[in-house]
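Q: Below is the structure I would like to discuss, written out as structure tokens.
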Ligand SMILES: NC(=O)c1ccc[n+]([C@@H]2O[C@H](COP(=O)([O-])OP(=O)(O)OC[C@H]3O[C@@H](n4cnc5c(N)ncnc54)[C@H](OP(=O)(O)O)[C@@H]3O)[C@@H](O)[C@H]2O)c1
């Protein structure tokens with residue numbers, strides 16, 4: 337990361353990404369936009385048992401949504417389901433145990449979901465990790481890449497047939513402001529060739545998520561695809577992955593519900609709202625730039641399209657490993 341880019345990022349982060357930044361942004365929020373009911377709307381939220389994902393699920397359940405939570409740990413999944421039902425006794429909550437770093441598990445889930453549930457209005461790709469070491473998944477991908485980039489790609493792609501049947505379908509992907517520090521790197525898409533650096537790999541994957549949403553939006557304009565930054569939020573994930581940052585910043589971090597705010601807004605605000613941009617990157621309910629000034633992080637349109645081809649090829653590779661020869 338260049339010195340200049342890093343400095344701009346730090347200043348921007350302290351001013352905007354903190355709880356102080358949320359308070360300043362809140363002055364421009366319109367309360368009435370956050371009263372939209374979610375009855376008869378079907379949601380999937382990945383990583384719903386912790387932090388921001390849990391806060392998103394809580395709010396959608398309070399508003400009467402039919403909420404499907406996707407978690408990798410069966411006990412945490414069951415506990416979250418019980419917690420959500422207590423919030424709203426008449427809510428429809430369904431638990432699904434899926435490891436988002438395993439493409440075959442995602443495919444089994446999507447096939448089952450399409451057959452059994454058969455309806456989806458909003459997909460929230462929230463699950464994510466920042467690991468400090470390179471670990472191979474069963475399908476021989478780097479686990480961070482599989483969880484943060486390839487998994488959301490496969491989940492979104494496989495659920496598109498359902499989303500396209502909805503009159504108002506949306507996909508919201510939880511990226512990160514960290515992506516401001518990275519340009520798309522097609523030479524090292526898994527961030528493993530130059531020695532593994534967890535923070536850089538995470539930022540690269542979060543950049544890939546932003547481009548992925550843009551590319552899906554270009555091909556499937558009927559569905560609203562957005563990516564977003566939740567701000568710097570006090571969650572178990574941040575405490576575990578960035579202990580030094582957490583210790584320094586813990587009094588300045590946003591609450592999980594504040595980190596969830598833009599995801600709820602993007603899930604529910606009328607699509608005719610003047611602030612809605614298909615393929616946009618959002619922060620505090622606004623479509624914002626995907627690049628810092630003078631940051632040299634732009635990629636060419638053909639490189640962005642190439643990312644999607646590479647993700648499709650990786651998916652085929654994962655399926656072949658499992659003996660599945662045809663991607664749906
Ligand atoms: N907090 C922040 O300041 C911040 C800033 C920018 C972006 N984000 C993004 O916000 C999202 C939520 O993060 P968080 O801060 O709320 O962290 P968190 O508390 O650690 O929550 C992350 C969730 O993702 C799940 N997850 C991780 N790997 C998974 C896998 N292989 N399969 C299924 N689920 C998996 C976790 O499950 P387990 O409980 O089983 O681990 C957990 O439910 C992430 O995408 C993160 O990158 C957060």
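Residue numbers (the numbering used here): 337 to 664. Cβ coordinates follow ideal geometry from the N, Cα and C atoms, glycine included.
Whose CA, out of 338, 391, 442 and 574, lies closest to the CA of residue 592?
A: Taking the first residue of the chain shown as 1, we reach residue 592 at position 256. Proximity to residue 592 across 338, 391, 442 and 574 peaks at 391, based on C-alpha coordinates.
Q: Assuming contact is defined by CB atoms lying nearer than 7 Å, are residue 406 and residue 429 in contact in what I supplied?
A: For this step, residue 406 is matched to residue 70 along the chain shown. For this step, residue 429 is matched to residue 93 along the chain shown. Their beta carbons are not under 7 Å apart, which means residue 406 does not touch residue 429 by this criterion.
Q: Take the Cβ of residue 340 as the centre, count every other Cβ of all protein chains shown within 10 Å, and call the residue buried at 16 or more, exposed below.
A: In the chain shown, residue 340 corresponds to position 4, counting from 1. That one is exposed.
Q: Under the three-state reduction of DSSP, which class applies to residue 486: helix, strand or coil?
A: Along the chain shown, read from residue 1 onward, the residue named residue 486 stands at position 150. Here residue 486 sits in helix by DSSP.
Q: Looking at C-alpha atoms only, which residue of 377, 534, 490 and 594 is the closest neighbour of residue 454?
A: For the purposes of this step, residue 454 is identified with residue 118 of the chain shown, where counting begins at 1. Ranking the options by Cα distance to residue 454, first place goes to 377.
Q: Can you tell which of 619, 521, 427 and 470 has the C-alpha that lies nearest to the C-alpha of residue 364?
A: Here residue 364 corresponds to residue number 28 of the chain shown, with the count starting at 1. Comparing Cα positions, the closest option is 619.
Q: What is the rounded straight-line gap between the Cα of residue 501 and the Cα of residue 344?
A: Along the chain shown, read from residue 1 onward, the residue named residue 501 stands at position 165. Along the chain shown, read from residue 1 onward, the residue named residue 344 stands at position 8. Taking the straight line from one Cα to the other gives about 43 Å.
Q: Please classify residue 566 as buried or exposed, where buried requires at least 16 other C-beta atoms within 10 Å of its C-beta.
A: Translated into the one-based positions of the chain shown, residue 566 becomes position 230. Burial of residue 566 is indicated by the presence of at least 16 other C-beta atoms within 10 angstroms of its C-beta.
Q: Helix or strand or just coil, what does DSSP make of residue 352?
A: Here the question's residue 352 lines up with position 16 in the chain shown. In this structure, residue 352 counts as helix in the three-state DSSP scheme.
Q: Give the list of continuous beta strand (DSSP E) stretches no shorter than 3 residues that lie fully inside the segment 470-542.
A: Here the runs fully enclosed are 506-510.
Q: From residue 477 to residue 537, what distance separates their C-alpha atoms?
A: As a working note, residue 477 is residue 141 in the chain shown. As a working note, residue 537 is residue 201 in the chain shown. Each residue's CA atom was taken as its position, placing residue 477 and residue 537 some 13 Å apart.
Q: Rounded to whole angstroms, how far is the Cβ of residue 444 from the Cβ of residue 474, which I believe are closer than 8 Å?
A: In the chain shown, counting from the first residue as 1, residue 444 sits at position 108. In the chain shown, counting from the first residue as 1, residue 474 sits at position 138. About 13 Å separates the beta carbons of residue 444 and residue 474, which is beyond the 8 Å limit, so they are not a contact pair.
Q: Taking the C-alpha atoms as reference points, what is the distance between residue 664 and residue 651?
A: Counting from 1 along the chain shown, the entry for residue 664 is found at position 328. Counting from 1 along the chain shown, the entry for residue 651 is found at position 315. With a pLDDT of only 43 at residue 664, under the threshold of 50, the placement of this residue in the model should not be trusted; the figure read from the coordinates follows. Spanning the two alpha carbons is a distance of roughly 11 Å.
Q: Who are residue 407's beta bridge partners in DSSP?
A: In the chain shown, residue 407 corresponds to position 71, counting from 1. Beta-bridge partners of residue 407 (DSSP): 433.
Q: Looking at the strands, I want to know which residues DSSP matches up with residue 449.
A: What you label residue 449 is simply residue 113 of the chain shown in a count that begins at 1. In DSSP, residue 449 forms no bridge with anything.
Q: Quick check: residue 588 and residue 440, are their CB atoms within less than 7 Å of each other?
A: Sequence index remark: in the chain shown, residue 588 carries index 252 (1-based). Sequence index remark: in the chain shown, residue 440 carries index 104 (1-based). Against a cut-off of 7 Å, the Cβ pair of residue 440 and residue 588 comes out as no contact.
Q: Pop quiz: residue 561 and residue 487 are said to be a contact at Cβ under 8 Å. What is the actual Cβ separation, rounded to whole angstroms?
A: Numbered from 1 along the chain shown, position 225 holds the residue referred to as residue 561. Numbered from 1 along the chain shown, position 151 holds the residue referred to as residue 487. The Cβ separation is near 16 Å, so there is no contact.
Q: Where do the N-terminal and C-terminal ends of the alpha helix (DSSP H) with residue 650 fall, by residue?
A: Position 314 of the chain shown holds residue 650. Residues 637-657.
Q: If I'm right that residue 514 touches residue 553 with Cβ under 8 Å, what's the distance once you round it to whole angstroms?
A: Translated into positions along the chain shown, residue 514 becomes position 178. Translated into positions along the chain shown, residue 553 becomes position 217. Not really, about 22 Å apart at Cβ, beyond 8 Å.
Q: At what residues does the alpha helix (DSSP H) containing residue 577 begin and finish?
A: Taking the chain shown and counting its residues from 1, one reaches residue 577 at position 241. Residue 577 -> alpha helix (DSSP H) spans 572-577.
Q: Can you name the start and end residues of the beta strand (DSSP E) that residue 613 belongs to?
A: By one-based count along the chain shown, residue 613 stands at place 277. Premise fails: residue 613 is in no beta strand (DSSP E) and is neither H nor E.
Q: Taking all protein chains shown into account, do 16 or more other C-beta atoms lie within 10 angstroms of the C-beta of residue 626, making it buried, or fewer, making it exposed?
A: The count along the chain shown starts at 1 and reaches residue 626 at position 290. So residue 626 counts as buried.
Q: Any idea which residues DSSP pairs residue 379 with across the strands?
A: To locate residue 379, count along the chain shown from 1; it is residue 43. Answer is 403 and 458, bridged to residue 379.
Q: Buried or exposed: where does residue 362 fall if 16 or more other Cβ atoms within 10 Å of its Cβ makes it buried?
A: In the chain shown, residue 362 corresponds to position 26, counting from 1. Result: exposed.
Q: On a Cα-Cα basis, can you pick out the residue from 495, 492, 464 and 491 that is closest to residue 481?
A: Position 145 of the chain shown, counting from 1, holds the residue named residue 481. With distances taken between Cα atoms, residue 481 lies closest to 464.
Q: Let me make sure I understand the geometry here. Which of 579, 415 and 424 has the alpha-carbon closest to that of residue 467?
A: Looking up residue 467 in the chain shown gives position 131. Of 579, 415 and 424, the residue nearest in Cα terms is 579.
Q: Need the endpoints of the alpha helix (DSSP H) that residue 624 sits in, please.
A: Along the chain shown, one-based indexing puts residue 624 at 288. From DSSP, residue 624 is part of no alpha helix (DSSP H) but of the beta strand (DSSP E) over 622-624.
Q: Count the CB pairs spanning the segment 406-422 and the segment 370-386 that are closer than 8 Å, and state whether there are at least three.
A: Three or more Cβ pairs closer than 8 Å define a contact, and the segment 406-422 meets that threshold against the segment 370-386.
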